[in-house]
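Data first, discussion second: the structure below is written as structure tokens.
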Amino acid sequence: MPYRTIIPKKNAFEKRKMNAVHIFILSHLFENRKNKKRRPQSTL
Numbered sequence: 021m022p023y024r025t026i027i028p029k030k031n032a033f034e035k036r037k038m039n040a041v042h043i044f045i046l047s048h049l050f051e052n053r054k055n056k057k058r059r060p061q062s063t064l
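Using our numbering, you'd call the opening residue of the sequence shown number 21 and step up by one each time.
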């Protein structure tokens, strides 16, 4: 039974961690997209 009470806290922490990772990945992908857009312009 105590295990069940621990799970919600862990899930909340995991969700927060996953959100942080998700935001980091999205921002990283967005930066990569920007760089890809910039490169063709510089080559042209």
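All C-beta atoms in this analysis are idealised placements derived from N, C-alpha and C, irrespective of residue type, glycine included.
Just so you know, these numbers come straight off a predicted model, no measurement behind them.
I need the straight-line Cα distance from residue i to residue j, nearest angstrom please.
i, j, result
"Ala32", "Glu51", "28 Å"
"Met38", "Leu49", "16 Å"
"Arg36", "Lys56", "30 Å"
"Ser47", "Glu34", "20 Å"
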